[in-house]
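These notes concern the structure reproduced below.
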Amino acid sequence: MRHLSRGLEGPAGLALRPFVLRRLPGRVAVAIRSRGGNEEEVPHLQGQDPPVEGNGLDVAYIPLLERAEAEVGADWDGMTFLEDNNDKHTGRTLLMPEYVHKAFRGGDVKTALRWITANQTEDRVNSVFGMFSCLATALMLKSLTLMTLLLQLGADVDRRDFQGQTLICSMFCPEMLSECGVIERARLLLSWGASFPREVCVSTARMYGRHELANLLESELGGRRCEIVNLSARPELNGKTCVADEYLPDSNRYRVTLETKSKAILVIGPGKLKRRDRTPQDCGYYIEFKNGRTIRHDFDSSEECQAFVAAMNRDETQPAVTEEAEARAERAAAELLAELLAELGLDDSPHEAPTGEDQAKKSKKKKKKGGKKKRK
1 MRHLSRGLEG PAGLALRPFV LRRLPGRVAV AIRSRGGNEE EVPHLQGQDP
51 PVEGNGLDVA YIPLLERAEA EVGADWDGMT FLEDNNDKHT GRTLLMPEYV
101 HKAFRGGDVK TALRWITANQ TEDRVNSVFG MFSCLATALM LKSLTLMTLL
151 LQLGADVDRR DFQGQTLICS MFCPEMLSEC GVIERARLLL SWGASFPREV
201 CVSTARMYGR HELANLLESE LGGRRCEIVN LSARPELNGK TCVADEYLPD
251 SNRYRVTLET KSKAILVIGP GKLKRRDRTP QDCGYYIEFK NGRTIRHDFD
301 SSEECQAFVA AMNRDETQPA VTEEAEARAE RAAAELLAEL LAELGLDDSP
351 HEAPTGEDQA KKSKKKKKKG GKKKRK
């Protein structure tokens with residue numbers, strides 16, 4: 001059996017680092033800890049048994065440790081953040097300002113969306129505050145509308161959290177599975193293409209009595225948005241999109257709801273359905289946020305929806321400024337006004353210089369006073 005160093009060099013020392021320990025099977029982690037030191041020197045991870053004196057390390061595990069060392073790097077200090085090369089978000093993650101996070105948590109959708117849309121080049125819709133992204137925060141708030149608005153803006157439905165879990169996987173915990181509306185949130189994420197480990201999620205849902213959710217996830221197209229293809233009985237439906245609401249095992253068919261204004265319900269075989277996930281450009285229906293209210297737009301075809309979304313994007317107004325920019329503009333206007341008053345010798349007033357907002361109010365009052373009188 002090959003010798004493993006008990007010091008800080010070599011695979012055994014590397015394995016004692018928590019980041020690597022989490023990547024190893026439980027048996028490997030326990031064995032490595034027993035070779036690297038006692039329980040006081042190397043505390044065991046929560047949920048795992050402490051090392052037992054005399055545990056040996058199976059020679060079969062050594063290549064796994066060496067592979068981990070090659071991936072992480074022998075000179076890694078155990079503290080520096082390591083990026084996941086398998087994650088498509090290889091760049092730096094944008095941090096969400098605290099006031100925006102508070103707006104999310106407080107239900108102030110207007111402030112949150114204004115910050116997100118102010119600069120589209122920064123991918124603000126995928127920003128994070130602490131451990132949570134915008135979409136994860138909306139999920140915890142149980143807000144389907146806010147989740148939809150973020151997905152329309154390009155939120156990544158499969159972005160992984162600090163534990164390496166996708167958003168839909170994070171729902172399969174006792175706290176969330178005990179909440180109301182969990183299946184509706186799962187359906188929304190599935191229609192936007194969320195990926196998940198089927199066996200694990202199905203068994204977890206059944207363990208906590210969520211059989212409807214388990215049945216939905218167990219089928220290949222359950223909850224997915226699909227396109228109807230090769231339906232000879234009703235060729236006019238070919239190309240139409242629908243959502244697979246329920247799998248009917250007795251007939252090996254799906255009960256689907258058409259994405260039309262009529263919301264017709266049909267029963268179609270899996271061979272006539274082709275998965276077609278929602279995207280910001282092809283979302284099936286569109287939720288518009290305007291003047292603090294949401295308006296849902298339904299369409300009779302996906303082409304009609306795409307044309308509507310394209311028109312909305314073309315007619316976008318100038319990006320809204322942030323609260324910090326507004327405050328800076330107010331201060332600059334007040335300072336400029338103070339300088340002008342000083343030059344005119346009118347700065348001996350004990351009152352503070354009015355802000356731009358006060359000036360606007362005064363100008364409106366002057367217009368009302370000087371307006372034309374109505375003819376009798």
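Under UniProt numbering, think of the first position of the sequence shown as 1, with each following residue one higher.
Here a beta-carbon is modelled for each residue, glycine too, at the ideal position from N, C-alpha and C.
Predicted, not measured: the structure shown is a model, and the values here were computed from it.
Straight-line CA distance for residue i to residue j?
i: Glu288; j: Leu153; result: 11 Å
i: Lys263; j: Leu188; result: 16 Å
i: Pro235; j: Asn252; result: 21 Å
i: Arg278; j: Gly193; result: 7 Å
i: Arg331; j: Gln281; result: 40 Å
i: Gly36; j: Gly73; result: In this prediction, Gly36 has a pLDDT of 46, which is less than 50 and means its spatial position is unreliable; what the coordinates show is noted afterwards. Distance between the alpha carbons of Gly36 and Gly73 is about 19 Å.
i: Asp158; j: Gly164; result: 10 Å
i: Arg23; j: Ala70; result: Note that Arg23 has pLDDT 47, beneath the 50 cutoff, so the model's placement of it is unreliable and no number is given.
i: Pro174; j: Val182; result: 12 Å
i: Ile228; j: Ser301; result: 12 Å
i: residue 431; j: Arg296; result: Because residue 431 is not part of the residues shown, which for the chain are 1 to 376, the question remains open.
i: Ala342; j: Leu336; result: 10 Å
i: Glu184; j: Thr145; result: 11 Å
i: Asn215; j: Glu246; result: 8 Å
i: Phe308; j: Lys290; result: 16 Å
i: Gly239; j: Ala334; result: 59 Å
i: Pro270; j: Glu98; result: 46 Å
Among the residues of its own chain, which have a CB less than 7 Å from the CB of residue i, if the five just before and after it don't count?
i: Ala244; result: Leu221, Gly222, Gly223, Arg224, Cys226, Tyr254, Val256, Leu273
i: Pro350; result: A caution first: Pro350 carries a pLDDT of 46, below 50, which makes its placement in the model unreliable, though a value can still be read off. Excluding positions up to five away in sequence, the list is empty.
i: residue 380; result: The displayed coordinates of the chain run from 1 to 376. Any statement about residue 380 would go beyond what the structure contains.
i: Val125; result: Ile116, Cys134, Leu150, Leu153, Gly154, Ala155
i: Met176; result: Val182
i: Ala112; result: Val100, Ala103, Phe104
Once you ignore the five residues that flank residue i on each side, which residues in its own chain have a CB closer than 8 Å to its CB?
i: Glu122; result: Leu94
i: Leu248; result: Tyr254, Arg255, Val267
i: Ser178; result: Tyr208
i: Asn86; result: Caution is warranted here: a pLDDT of 44 is assigned to Asn86, below 50, making its placement in the model unreliable, and the coordinate value is therefore given only provisionally. None.
Could you tell me whether the Cβ atoms of residue i and residue j are closer together than 7 Å?
i: Met131; j: Phe162; result: yes
i: Glu259; j: Cys242; result: yes
i: Lys110; j: Gly292; result: yes
i: Met147; j: Ala138; result: yes
With a threshold of 6 Å on Cβ separation, who are the neighbours of residue i within its own chain once the five nearest residues in sequence on each side are excluded?
i: Asp298; result: Lys261, Tyr285
i: Cys201; result: Phe172, Leu217
i: Lys127; result: Note that residue 127 is Ser in the sequence shown here, rather than Lys. Once the five neighbours on either side are set aside, the close Cβ partners of Ser127 are Leu94, Met96.
i: Phe129; result: Met96, His101
When you measure from the CB of residue i to every non-hydrogen atom of the ligand PLP, does any distance come out below 6 Å?
i: Thr145; result: The model on display carries no ligand, and the ligand PLP is accordingly not part of it.
Any beta-carbon of chain D closer than 7 Å to the one on residue i?
i: Leu177; result: The chain labelled as chain D is not found in the depicted structure, where only one protein chain is given.
Assess contact between the stretch 197-209 and the stretch 164-181, defined as three or more Cβ pairs (one per stretch) separated by less than 8 Å. Is contact present? yes
May I have a chain-ordered list of the alpha helix (DSSP H) segments no shorter than 4 residues that lie completely inside the stretch 215-283? none
Of all the alpha helix (DSSP H) runs that stay within the bounds of the stretch 152-177, which reach a length of 4 or more residues? 174-177
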